[in-house]
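S.K.: Chains as they are written, first to last, in the working numbering: chain A, 31 to 612; chain B, 11 to 495.
All residues carry an ideal CB built from backbone N, CA and C; glycine is no exception.
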Ligand SMILES: Nc1ncnc2c1ncn2[C@@H]1O[C@H](COP(=O)(O)OP(=O)(O)OP(=O)(O)O)[C@@H](O)[C@H]1O
Ligand SMILES: [Mg+2]
């Protein structure tokens with residue numbers, strides 16, 4: 031891809047951290063990747079004015095001098111995509127970190143060329159017929175990988191015509207050709223630009239739920255496959271824990287986990303944890319369905335900005351094979367900060383809190399890459415995006431939080447007070463929303479869960495009512511409340527502590543099947559109903575209060591993750607005990 | 011897992027020669043075309059061939075030296091931040107010699123037992139520190155796939171921390187305080203007492219912006235450990251150059267990384283006060299007329315702090331660890347202030363000191379319910395500390411939350427109107443605070459002592475209130491009824 035010497039070469043004139051200006055490079059195009067100075071620091075072209083161009087460097091620019099050579103690569107920022115990505119860790123520029131050195135200095139960019147997956151042999155099984163007409167998205171063959179995800183080799187976007195040659199079944203290296211379509215060589219692993227959305231046939235609009243295994247989400251604030259959710263919360267409110275739980279337990283085929291400007295220890299934890307846990311649906315290790323993009327907070331800031339797009343590009347790659355993909359981005363605030371940092375250095379006029387004026391449109395463009403679609407190959411597949419937001423000072427009126435809410439279908443707002451009282455996941459039931467709840471209720475009704483929507487409505491009403499009564503009780507004292515209202519207060523507590531709270535670290539409680547969630551909710555409702563009958567019968571509210579509700583509260587921890595039968599059996603016992611109250 | 015290229019024990023940039031820094035500098039040409047002086051910034055012309063982030067020595071008339079870092083290159087102009095400030099400088103008579111590389115520091119065991127200023131120059135009358143290798147003070151990011159998740163405790167000998175918010179090797183756990191509280195006493199106590207199981211333990215203490223009285227206290231308190239060759243001390247005083255504080259934690263961490271990953275020690279880095287550090291960052295940013303984010307702090311403060319805090323950790327297949335305890339004072343006690351807020355977003359939990367606890371005469375005045383060590387599970391419990399540790403800690407915490415409710419209720423309705431259970435929680439609170447939390451600033455407690463005290467406090471509560479403790483533990487550890495008061 032290297033150009034003729036001289037063309038596309040310029041010289042560095044200004045260096046201000048990641049902002050580099052060059053002079054004299056002709057024929058540059060926007061987004062073109064450049065290599066700067068002797069250590070060939072990767073940088074992207076973001077503005078061109080005459081013979082001067084502004085670049086955004088993705089690596090530490092220490093030692094870069096005025097006069098250093100800037101050479102064009104002729105291409106855009108791309109990642110090598112092919113078999114062998116699952117279970118791997120990449121940096122923000124899609125370079126495999128497993129083949130990078132222990133200390134990340136500059137210039138390990140060259141390592142990308144030596145991607146282990148390129149050199150390794152894979153077994154290719156052809157399925158297309160030579161001599162037929164094929165178009166973008168058609169399956170040429172497949173490569174079985176270690177996990178449950180079968181790697182499908184597709185005709186690349188923009189390529190169509192006669193399939194004149196197809197590799198026979200057997201061993202191929204990543205860099206080898208698998209096919210020739212309309213005279214174009216198709217390699218098993220192809221460089222793929224990360225910023226360009228990959229085409230699909232059409233967007234689908236019907237709502238199908240993504241089961242996350244987290245009760246407060248699945249029961250109250252559900253998410254449709256192919257939509258987007260945002261999780262704002264101050265530090266320590268449980269964003270990362272919640273996103274990791276979703277990455278572990280949601281019923282997607284492939285997970286892309288983007289650690290964007292967060293902790294290195296968390297990445298080590300994901301790698302470690304996911305390689306030990308098993309996906310109960312496939313019996314394979316969770317790591318074997320996961321691609322990790324790690325650009326920790328101490329890695330170059332601008333690569334954070336790229337990491338988000340790298341993650342989406344990987345997701346689209348698997349979507350096009352026909353899979354349901356979930357993209358986890360922790361945290362989108364760090365990405366927005368990188369945008370701000372560069373805009374400020376570039377002298378752009380700041381809008382709110384120093385963020386560039388295009389912050390909202392950048393966020394919109396990101397979340398819009400979610401979608402449930404018919405792929406070019408004709409299958410149904412989806413990308414669901416879940417992004418954490420880290421508002422400074424926990425201030426939910428800051429720009430990244432408020433802008434993100436406009437472009438997502440679900441908002442899972444984490445509440446500091448809940449977190450501080452160790453109510454995890456600290457999802458606020460007053461501050462959160464799920465725009466597709468009605469459609470998802472219809473899906474549930476059509477798929478064997480007719481009671482889903484009624485349960486949700488009752489749970490939300492009970493939460494609101496018991497919050498209101500709690501405030502009232504603080505003023506007038508609990509004993510002054512009428513019996514039925516005291517029961518509602520009790521019901522609110524059982525619902526919060528016995529259903530919505532979910533201990534991520536517990537083997538039984540970390541994941542919850544839809545049936546177990548429904549059974550737990552029914553248990554609370556049944557107990558509330560039984561208590562109301564007791565009140566009607568004249569039993570004192572204080573007597574009811576002092577009954578032992580331990581079995582209700584402990585059901586989530588003591589019954590297995592999918593053991594709704596055990597929950598229901600427990601319900602029968604509790605109700606019998608209540609009936610005996612005088 | 012091991013990479014194929016350049017996996018050495020040291021980050022890139024190691025020089026093997028033993029050439030002292032000044033000799034290297036002397037070889038360079040001197041630039042004297044000073045164009046501008048503004049705040050801590052200096053702009054020099056004719057700086058051909060100078061690289062971004064280079065280190066420079068500034069020669070003043072009369073033979074004095076100052077030091078600078080290159081912040082921007084624009085054609086032949088270089089903008090430097092002058093670490094000692096530009097006070098008293100004028101455009102003429104200055105010569106600048108560029109080092110050809112970012113600031114490096116000599117690392118090695120030679121640091122142990124030494125006392126230096128914030129730039130790493132000896133304050134103890136000893137010779138300059140001449141380690142075998144020189145490393146760039148900014149370090150390099152540790153490849154995440156080489157990280158080993160933190161595990162095993164660092165025991166501080168301070169009950170409230172060891173019992174309820176155990177520090178873990180490779181963790182970063184800050185102390186959030188407010189001016190006037192004994193955070194420096196606590197930080198120094200940790201530095202003086204902390205140990206890790208078995209392996210050799212070393213401490214690097216970096217002071218930033220401390221008063222001379224505080225510095226005298228720190229030196230005195232850490233004297234013994236320093237004399238024992240287990241501790242290095244870097245001291246930037248309140249009246250030392252402000253910008254120099256930008257270097258102090260970086261030098262400390264560079265020394266610590268070498269001690270950990272090359273020499274195999276478990277290293278604790280205590281950094282106090284990070285608020286003073288952040289103010290230095292803000293000052294440079296203001297002088298550069300950058301667009302501020304919140305309260306005048308630059309938008310990159312999060313990333314800047316992360317390049318310090320993220321240098322903690324453990325590495326696969328290597329001995330040694332770097333554990334970081336930053337100390338910071340929250341202006342006006344405001345936890346949403348950018349320094350504590352951004353720190354909280356990077357670190358793995360927090361130890362919060364509260365004036366109302368101090369007012370009750372408890373040292374260390376830790377607000378237990380707002381404090382948390384996120385990694386405690388990896389450092390405590392069976393095989394790490396003691397089998398009952400996690401359960402007992404959970405029970406102490408939950409009983410404390412309940413005791414606080416009881417206390418609030420007692421304020422409303424009077425103690426006499428409380429139920430027996432609620433009253434038992436009030437006496438539990440008194441006993442846990444006096445028996446477990448309160449401790450002398452020079453008292454080091456063993457873990458068994460600490461956990462024994464936790465059990466003794468819990469014994470005040472009726473048996474049915476100890477639901478989080480398995481029967482086997484109750485039998486083994488709970489003081490017998492007859493011993494209870
Ligand atoms: N579901 C949960 N079950 C048990 N503990 C939890 C849960 N969620 C959060 N926690 C506790 O809260 C702590 C902080 O959670 P987490 O790291 O997810 O916060 P965060 O919002 O990502 O914070 P930051 O913004 O600093 O990254 C965890 O270490 C854990 O102790
Ligand atoms: Mg987090």
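Starting from residue 458 of chain B and walking both ways along the beta strand (DSSP E), at which residues does that stretch end?
M.R.: For the purposes of this step, residue 458 of chain B is taken as the residue at position 448 of the second chain. No beta strand (DSSP E) holds residue 458 of chain B; the alpha helix (DSSP H) holding it covers 457 to 468.
S.K.: Taking Cβ positions, are residue 352 of chain B and residue 312 of chain B nearer each other than 8 Å?
M.R.: Translated into the one-based positions of the second chain, residue 352 of chain B becomes position 342. Translated into the one-based positions of the second chain, residue 312 of chain B becomes position 302. Taking 8 Å as the Cβ cut-off, residue 352 of chain B and residue 312 of chain B qualify as a contacting pair.
S.K.: Write down every uninterrupted run of the alpha helix (DSSP H) in the segment 323 to 390 of chain A whose length is 4 residues or greater and which is fully enclosed by it, in chain order.
M.R.: With a minimum length of 4 residues, the continuous alpha helix (DSSP H) runs that stay inside the segment 323 to 390 of chain A are 331 to 350 and 362 to 375.
S.K.: With H, G and I counted as helix, E and B as strand and the rest as coil, what does DSSP make of residue 107 of chain A?
M.R.: Start at 1 with the first residue of the first chain, and residue 107 of chain A comes out as number 77. Coil, per DSSP.
S.K.: Does DSSP put residue 407 of chain B in a helix, a strand or coil?
M.R.: Within the second chain, residue 407 of chain B is the residue found at index 397, counting from 1. Reduced to three states, the DSSP call for residue 407 of chain B is helix.
S.K.: State the Cα-Cα distance for the pair residue 80 of chain B and residue 129 of chain A, rounded to the nearest angstrom.
M.R.: For this step, residue 80 of chain B is matched to residue 70 along the second chain. For this step, residue 129 of chain A is matched to residue 99 along the first chain. Roughly 32 Å separates the two Cα atoms.
S.K.: Tell me whether residue 320 of chain A, by its Cβ, gets closer than 7 Å to a heavy atom of ligand 1.
M.R.: If you number the first chain from 1, residue 320 of chain A lands on position 290. Residue 320 of chain A: no, Cβ never under 7 Å from ligand 1.
S.K.: Taking any Cβ of chain A, which residues in the segment 75 to 86 of chain B have a Cβ under 8 Å from it, in chain order?
M.R.: Listed in sequence order: 81, 82, 83, 84, 85 and 86.
S.K.: Listing by chain order, which chain B residues have their CB less than 8 Å from the CB of residue 302 of chain A?
M.R.: If you number the first chain from 1, residue 302 of chain A lands on position 272. Those within 8 Å of residue 302 of chain A in chain B are 159.
S.K.: So, helix, strand or coil for residue 86 of chain A, using DSSP?
M.R.: Taking the first residue of the first chain as position 1, residue 86 of chain A is located at position 56. In this structure, residue 86 of chain A counts as strand in the three-state DSSP scheme.
S.K.: Verify the CB distance criterion: does residue 176 of chain A have a CB-CB separation below 8 Å to chain B?
M.R.: On the first chain, position 146 is the one that residue 176 of chain A refers to. No, residue 176 of chain A lies away from the interface with chain B (no Cβ there is under 8 Å from its Cβ).
S.K.: Assign residue 473 of chain B to buried or exposed, taking buried as 16 or more other Cβ atoms, counted over all protein chains shown, within 10 Å of its Cβ.
M.R.: Numbered from 1 along the second chain, position 463 holds the residue referred to as residue 473 of chain B. Classification for residue 473 of chain B: exposed.
S.K.: Which word fits residue 477 of chain B, buried or exposed, when buried means at least 16 other C-beta atoms lie within 10 angstroms of its C-beta?
M.R.: For the purposes of this step, residue 477 of chain B is identified with residue 467 of the second chain, where counting begins at 1. By the neighbour-count rule (16 or more Cβ atoms within 10 Å), residue 477 of chain B is not buried but exposed.
S.K.: Does the distance between the C-beta of residue 181 of chain B and the nearest non-hydrogen atom of ligand 1 fall short of 7 Å?
M.R.: By 1-based counting over the second chain, the position of residue 181 of chain B is 171. No, ligand 1 has no heavy atom inside 7 Å of this Cβ.
S.K.: Measure from the C-beta of residue 119 of chain A to each C-beta in chain B and report whether the shortest distance is under 8 Å.
M.R.: Locating residue 119 of chain A in the first chain gives position 89, where the first residue counts as 1. So, interface residue.
S.K.: Taking 7 Å as the cut-off, is the beta-carbon of residue 367 of chain A closer than that to any non-hydrogen atom of ligand 1?
M.R.: Numbered from its first residue, the first chain carries residue 367 of chain A at position 337. Not so, every heavy atom of ligand 1 lies at least 7 Å from the Cβ.
S.K.: For the segment 287 to 305 of chain B, which residues have a beta carbon sitting closer than 9 Å to at least one beta carbon of chain A?
M.R.: For the segment 287 to 305 of chain B, which is checked against every Cβ of chain A, the residues closer than 9 Å are 300, 301, 302, 303 and 304.
S.K.: If we ignore side chains and look at the alpha-carbon of each, how far apart do residue 233 of chain A and residue 85 of chain B end up?
M.R.: The residue given as residue 233 of chain A occupies position 203 in the first chain. The residue given as residue 85 of chain B occupies position 75 in the second chain. Going by the C-alpha atoms only, they are around 50 Å apart.
S.K.: Would you say the beta carbon of residue 469 of chain A is closer than 7 Å to some non-hydrogen atom of ligand 2?
M.R.: On the first chain, residue 469 of chain A is found 439 positions in, with the first residue counted as 1. No, the beta carbon of residue 469 of chain A sits no closer than 7 Å to any heavy atom of ligand 2.
S.K.: Which of the three DSSP states is assigned to residue 562 of chain A in this structure?
M.R.: For this step, residue 562 of chain A is matched to residue 532 along the first chain. Helix.
S.K.: Measure how close the beta-carbons of residue 108 of chain A and residue 186 of chain A come, nearest whole angstrom, since I'm counting them as under 8 Å.
M.R.: For the purposes of this step, residue 108 of chain A is identified with residue 78 of the first chain, where counting begins at 1. For the purposes of this step, residue 186 of chain A is identified with residue 156 of the first chain, where counting begins at 1. That belief does not hold up - the Cβ atoms of residue 108 of chain A and residue 186 of chain A are roughly 12 Å apart, past 8 Å.
S.K.: Between the segment 324 to 339 of chain A and chain B, which residues of the former have a C-beta closer than 7 Å to a C-beta of the latter?
M.R.: Residues passing the 7 Å Cβ filter: 324, 326, 327, 328, 329 and 331.
S.K.: Counting only beta-carbon atoms, is residue 397 of chain A nearer than 8 Å to chain B?
M.R.: In the first chain, residue 397 of chain A corresponds to position 367, counting from 1. By this cut-off, residue 397 of chain A is not an interface position.
S.K.: Do the CB positions of residue 349 of chain B and residue 407 of chain B come within less than 8 Å of each other?
M.R.: Walking along the second chain from the start, residue 349 of chain B turns up at place 339. Walking along the second chain from the start, residue 407 of chain B turns up at place 397. Not a contact, by the Cβ cut-off of 8 Å.
S.K.: Assign residue 452 of chain B to buried or exposed, taking buried as 16 or more other Cβ atoms, counted over all protein chains shown, within 10 Å of its Cβ.
M.R.: For the purposes of this step, residue 452 of chain B is identified with residue 442 of the second chain, where counting begins at 1. Residue 452 of chain B should be labelled exposed.
S.K.: When burial is assigned at 16 or more other CB atoms within 10 Å of the CB, is residue 60 of chain A buried or exposed?
M.R.: Taking the first chain and counting its residues from 1, the one referred to as residue 60 of chain A is at position 30. The residue in question, residue 60 of chain A, is exposed, as its Cβ has fewer than 16 Cβ neighbours within 10 Å.
S.K.: What is the residue span of the alpha helix (DSSP H) that residue 260 of chain B lies within?
M.R.: Here residue 260 of chain B is taken as the residue at index 250 of the second chain, counted from 1. It spans 258 to 267 - the alpha helix (DSSP H) in which residue 260 of chain B sits, taken as one unbroken run.
S.K.: If you measure from the beta carbon of residue 371 of chain A to each beta carbon in chain B, is any gap under 8 Å?
M.R.: Here residue 371 of chain A refers to the residue found at position 341 when the first chain is read from its first residue. Chain B, which has a Cβ nearer than 8 Å to the Cβ of residue 371 of chain A, makes this yes.
S.K.: Output, in sequence order along the chain, the residues in the segment 417 to 443 of chain B whose CB is closer than 8 Å to any CB in chain A.
M.R.: Result list empty, no residue passes.
S.K.: Ligand 3 heavy atoms versus the CB of residue 407 of chain B: any closer than 7 Å?
M.R.: Looking at this structure, you won't find ligand 3 anywhere; what it does contain is ligand 1 and ligand 2.
S.K.: Count the CB pairs spanning the segment 87 to 106 of chain A and the segment 34 to 54 of chain A that are closer than 8 Å, and state whether there are at least three.
M.R.: Yes, they touch.
S.K.: Do residue 392 of chain B and ligand 2 come close, with the Cβ less than 7 Å from some heavy atom?
M.R.: Reading the second chain from its first residue, position 382 is the one you call residue 392 of chain B. Flag unset: Cβ of residue 392 of chain B not near ligand 2.
S.K.: Who are the near neighbours of residue 36 of chain A in its chain, counting only those whose CB is closer than 6 Å to its CB and skipping five residues on each side?
M.R.: Against the first chain, residue 36 of chain A aligns to sequence position 6. With a pLDDT of 47 at residue 36 of chain A, under the threshold of 50, the predicted position of this residue should be treated as unreliable, though the coordinate-derived value follows. Cβ neighbours of residue 36 of chain A beyond the five flanking positions: none.
S.K.: Would you check if the segment 235 to 245 of chain A and the segment 200 to 212 of chain A touch, i.e. whether three or more CB-CB distances between them fall below 8 Å?
M.R.: The segment 200 to 212 of chain A, when compared against the segment 235 to 245 of chain A, does not touch it at the 8 Å Cβ threshold.
S.K.: Within 8 Å of any Cβ in chain A, is that where the Cβ of residue 380 of chain B sits?
M.R.: By 1-based counting over the second chain, the position of residue 380 of chain B is 370. Yes, because at least one Cβ of chain A sits closer than 8 Å to the Cβ of residue 380 of chain B.
S.K.: Under 8 Å, Cβ to Cβ, is there at least one residue of chain B near residue 44 of chain A?
M.R.: Position 14 of the first chain holds residue 44 of chain A. Yes, contact with chain B.
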